[in-house]
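>
In the numbering used here, the protein residues as written are 766 to 860.
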């Protein structure tokens with residue numbers, strides 16, 4: 766039986782050269798799931814600067830949608846709607 770270190774050395778794992786931070790990996794995964802690789806940098810920027818919960822809610826709603834032809838556009842629309850709802854919620858709580 767081989768040692769685990771020998772198995773790992775024999776299998777050269779390909780590292781994604783585009784990802785050195787977690788938010789880059791998340792942005793790349795978003796671009797691939799939404800079939801919008803052309804706007805990969807936009808998704809990386811969103812992953813870095815926006816609330817991750819909002820991004821996840823928008824992603825889930827787009828992936829559940831059966832009629833979505835342009836998933837990237839629907840994602841951006843849904844993200845805008847969620848941000849507006851969040852802003853309205855925080856503005857109503859202030860005295």
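Note that CB positions come from ideal geometry on N, CA and C, so glycine has one too.
(1) Count the other CB atoms, across all protein chains shown, that sit within 10 Å of the CB of residue 854; report buried if there are 16 or more and exposed otherwise.
(2) Could you tell me how far apart the beta carbons of residue 812 and residue 820 are, in whole angstroms, since I believe they sit closer than 8 Å?
(3) Cutting at 8 Å between CB atoms, please list the residues of its own chain near residue 802, excluding the five before and the five after it.
(4) Closest by CA to residue 861, which one among 825, 767, 835?
(5) Between the Cα of residue 848 and the Cα atoms of 818, 771, 798, 772, which residue gives the shortest distance?
(6) Curious, which full-length beta strand (DSSP E) runs of at least 3 residues does the segment 771–838 contain?
(7) Tell me the DSSP secondary structure of residue 843 in three-state form.
Per the coordinate set shown:
(1) That one is exposed.
(2) Indeed, because the Cβ distance is near 7 Å, the residues count as touching under 8 Å.
(3) So the list reads 796, once near-sequence residues are dropped.
(4) Outside the displayed range of the chain (766 to 860) lies residue 861, so it cannot be described from this structure.
(5) Per the Cα distances, 818.
(6) If one requires a minimum length of 3 residues, no beta strand (DSSP E) run lies completely within the segment 771–838.
(7) When secondary structure is reduced to three states using DSSP, residue 843 falls in the helix class.
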